[in-house]
Amino acid sequence: DTAVSQTPKYLVTQMGNDKSIKCEQNLGHDTMYWYKQDSKKFLKIMFSYNNKELIINETVPNRFSPKSPDKAHLNLHINSLELGDSAVYFCASSQGHSGNTIYFGEGSWLTVV
Amino acid sequence: QKEVEQNSGPLSVPEGAIASLNCTYSDRGSQSFFWYRQYSGKSPELIMFIYSNGDKEDGRFTAQLNKASQYVSLLIRDSQPSDSATYLCAVNVRGYQKVTFGTGTKLQVIP
Numbered sequence: 001d002t003a004v005s006q007t008p009k010y011l012v013t014q015m016g017n018d019k020s021i022k023c024e025q026n027l028g029h030d031t032m033y034w035y036k037q038d039s040k041k042f043l044k045i046m047f048s049y050n051n052k053e054l055i056i057n058e059t060v061p062n063r064f065s066p067k068s069p070d071k072a073h074l075n076l077h078i079n080s081l082e083l084g085d086s087a088v089y090f091c092a093s094s095q096g097h098s099g100n101t102i103y104f105g106e107g108s109w110l111t112v113v
Numbered sequence: 001q002k003e004v005e006q007n008s009g010p011l012s013v014p015e016g017a018i019a020s021l022n023c024t025y026s027d028r029g030s031q032s033f034f035w036y037r038q039y040s041g042k043s044p045e046l047i048m049f050i051y052s053n054g055d056k057e058d059g060r061f062t063a064q065l066n067k068a069s070q071y072v073s074l075l076i077r078d079s080q081p082s083d084s085a086t087y088l089c090a091v092n093v094r095g096y097q098k099v100t101f102g103t104g105t106k107l108q109v110i111p
């Protein structure tokens, strides 16, 4: 069983569209994250939720809206997609949020054309 | 100054040699240090973590931490072509709720 699973794996869409990426973890962790990895491979945190509560929001444009219905799920909705949003988006989870091991999903490759 | 700095590489080593990957960090309050490996097109996976000054060994991997110099390294002994990947250093600062990643060092092990 995949510990952190995210869908879709690949997404090609036009500028201006709205899209969502879903994430689920079965590790029993209480903290989930969204990371963005750009073309230069820099992995940057976007959001973090602990027990469904938003604890990190790294000055991400408000076109990006995370939603955590429960501590095992963290979805990411993106409005009005722009070319610069093209990247790999990784969902991840950990137990606690202060320096424990982070487990990553397989990534969602988003291409905006 | 970047919070976590790594040489982007590529670092090329012959098969069987020791690969040495280095990372420096800016915040003296950092207390948890991680090395992740990322194969091309894949997600990062944890190799090792270290919290205390000194060395920590796990198989062919050794993590070294020097808090006074704000420096953490990863040594890979008997390097194999399968070790070819990007290695990401990650740091957690005490009291902060996030782990910050470096930009990674690409390692190439030449058969």
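Heads up: the protein sequence lines correspond to chains A and B, in order.
First residue of the first sequence: 1, per my numbering; consecutive thereafter.
First residue of the second sequence: 1, per my numbering; consecutive thereafter.
Ideal Cβ positions, reconstructed from N, Cα and C, are used throughout, including at glycine.
Nearest neighbour of residue i, chosen from the options [CA to CA]
i	options	result
Ile110 of chain B	B:Thr100, B:Ser84, B:Thr103	B:Ser84
Glu57 of chain B	B:Ser40, B:Ile76, B:Leu46, B:Tyr39	B:Ile76
Leu76 of chain A	A:Ala3, A:Asp30, A:Tyr103, A:Leu110	A:Leu110
Ser30 of chain B	B:Tyr36, B:Thr100, B:Gln64	B:Thr100
Glu53 of chain A	A:Gln6, A:Phe104, A:Ala3, A:His97	A:His97
Leu66 of chain A	A:Gly105, A:Ser20, A:Thr31, A:Ser94	Residue identity check: residue 66 of chain A is Pro in the sequence provided, not Leu. Taking only the C-alpha atoms, the option nearest Pro66 of chain A is A:Ser20.
Cys91 of chain A	A:Met15, A:Asp18, A:His29, A:Leu83	A:His29
Gly16 of chain B	B:Pro81, B:Ser26, B:Gln64, B:Ser8	B:Pro81
Asp55 of chain B	B:Cys89, B:Glu45, B:Glu3, B:Leu74	B:Leu74
Below-8 Å beta-carbon distance, residue i vs any chain B residue
i	result
Lys9 of chain A	no
Ile21 of chain A	no
Ile78 of chain A	no
Inter-residue spacing [alpha-carbon to alpha-carbon] between residue i and residue j
i	j	result
Ser43 of chain B	Ala68 of chain B	32 Å
Gln108 of chain B	Pro69 of chain A	42 Å
Leu13 of chain A	Pro61 of chain A	The residue asked about is misnamed: residue 13 of chain A is Thr in this sequence, not Leu. Approximately 19 Å between the Cα atoms of the pair.
Ser108 of chain A	Gln25 of chain A	15 Å
Asn66 of chain B	Lys22 of chain A	40 Å
Ile148 of chain B	Met48 of chain B	Examination of residue 148 of chain B is not possible in this model, given that chain B is present from 1 through 111 alone.
Thr122 of chain A	Lys36 of chain A	An answer regarding residue 122 of chain A cannot be provided, because it is not within the stretch 1 to 113 covered by chain A.
Tyr51 of chain B	Phe33 of chain B	6 Å
Val91 of chain B	Tyr71 of chain B	11 Å
Asn50 of chain A	His73 of chain A	11 Å
Where residue i falls: helix, strand or coil (DSSP)
i	result
Ser82 of chain B	helix
Gly105 of chain A	coil
Gly54 of chain B	strand
Asp85 of chain A	helix
Thr31 of chain B	One point to set straight first is that residue 31 of chain B is Gln, not Thr, in the sequence displayed. It is a strand residue.
Phe42 of chain A	coil
Chain A contact for residue i (CB, 8 Å cutoff)
i	result
Leu88 of chain B	yes
Ser73 of chain B	no
Lys98 of chain B	yes
Members of the region 35-68 of chain B that neighbour chain A once the beta carbon cut-off is set at 9 Å:
Contact annotation: in the region 35-68 of chain B, residues whose CB is within less than 9 Å of a CB in chain A are Tyr36, Gln38, Gly41, Lys42, Ser43, Pro44, Glu45, Leu46, Phe49, Tyr51.
Closer than 7 Å, Cβ to Cβ, to anything on chain A: give me those residues from the region 5-27 of chain B, in chain order.
For chain A, none of the residues of the region 5-27 of chain B brings a beta carbon within less than 7 Å of one of its beta carbons.
Between the region 36-49 of chain A and chain B, which residues of the former have CB atoms less than 8 Å from a CB of the latter, in chain order?
Here the close residues are Lys40, Lys41, Phe42, Leu43, Lys44, Ile45, Ser48.
Contact residues within the region 100-111 of chain A, judged by C-beta distance below 7 Å to chain B
Of all residues in the region 100-111 of chain A, Thr101, Ile102, Phe104, Gly105, Glu106, Gly107 have a Cβ within less than 7 Å of some Cβ in chain B.
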